[in-house]
Amino acid sequence: MKSAKRDRARIWGLWFHLAFYVLGNLAQVIVWRVYNPDHFFWPLWSIVFWGIGLAFHFWGVYSPPKSRTDY
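Oh and the sequence shown: position 17 is 17 in full-length UniProt numbering, straight run, nothing missing.
As structure tokens, this is what we get:
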């Protein structure tokens, strides 16, 4: 059984991950827009692959716990 403190820490970790995802990718989009808007949208790679990692983090925090059965 998980403690409430551990659950809160996992949720806070997810929120920090989400905040850094948004801020980091926003900064990359701004740099792209200022320096080379006529070229390929290279922040796309960070948005997609970091987003996959964020989705797995979300899944890990909010998925139901697996039941442990001993065989």
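No residue lacks a Cβ here, since even glycine has one placed at the ideal position from N, Cα and C. This one's a predicted model, so the numbers in the text were calculated from it and none came from an experiment.
Output the distance between the C-alpha atoms of residue i and residue j, rounded to the nearest integer angstrom.
{"i": "residue 29", "j": "residue 12", "result": "26 Å"}
{"i": "residue 56", "j": "residue 31", "result": "27 Å"}
{"i": "residue 35", "j": "residue 14", "result": "31 Å"}
{"i": "residue 21", "j": "residue 7", "result": "21 Å"}
{"i": "residue 58", "j": "residue 25", "result": "18 Å"}
{"i": "residue 48", "j": "residue 41", "result": "12 Å"}
{"i": "residue 4", "j": "residue 50", "result": "28 Å"}
{"i": "residue 61", "j": "residue 10", "result": "6 Å"}
{"i": "residue 38", "j": "residue 63", "result": "41 Å"}
{"i": "residue 27", "j": "residue 46", "result": "11 Å"}
{"i": "residue 16", "j": "residue 67", "result": "28 Å"}
Between residue i and residue j, how many whole angstroms is the CB-CB distance? I'm expecting something under 8 Å.
{"i": "residue 44", "j": "residue 18", "result": "About 19 Å separates the two Cβ atoms, so there is no contact after all."}
Cβ of residue i within 7 Å of any heavy atom in the ligand ZN?
{"i": "residue 11", "result": "In terms of ligand content, the structure shown is empty, and the ligand ZN therefore cannot be addressed."}
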